[in-house]
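Numbering (our numbering), first residue to last: 314 to 422.
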């Protein structure tokens, strides 16, 4: 009971801590408008980029090699020529012929 009157007066004073968000909302809306205006101006103006010029316009050729295709069902093709399933002698002959036609030793499976 000592100091009870002072504690009651603090509770009855009605101090309420609230954050006023109206100024915060105003600032966000102003920033939103500024960003919208500047982004539309920037997209209309564009960015000037100096692209380098090519010294030569030669196209790169595709690497030549032997293309081996494995099809569903076990069919094998060497450069679009079909080989019967299990006919390894024919496959060897076609691979040798394909490698004799090109200087590259590239095999694409």
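No residue lacks a Cβ here, since even glycine has one placed at the ideal position from N, Cα and C.
Which of helix, strand or coil DSSP assigns to residue 326: coil
Quick check: the stretch 351 to 369 against the stretch 387 to 404, are there 3 or more CB pairs under 8 Å? In this structure the stretch 351 to 369 does not touch the stretch 387 to 404; the number of beta carbon pairs closer than 8 Å is below three.
Do the stretch 330 to 345 and the stretch 376 to 390 meet, that is, are 3 or more Cβ pairs less than 8 Å apart? Counting Cβ pairs under 8 Å, fewer than three are found: no touch.
Are the stretch 379 to 393 and the stretch 406 to 419 in contact at 8 Å, needing three or more beta carbon pairs? yes
Tell me, which residues are paired with residue 395 by DSSP? Answer is 390, bridged to residue 395.
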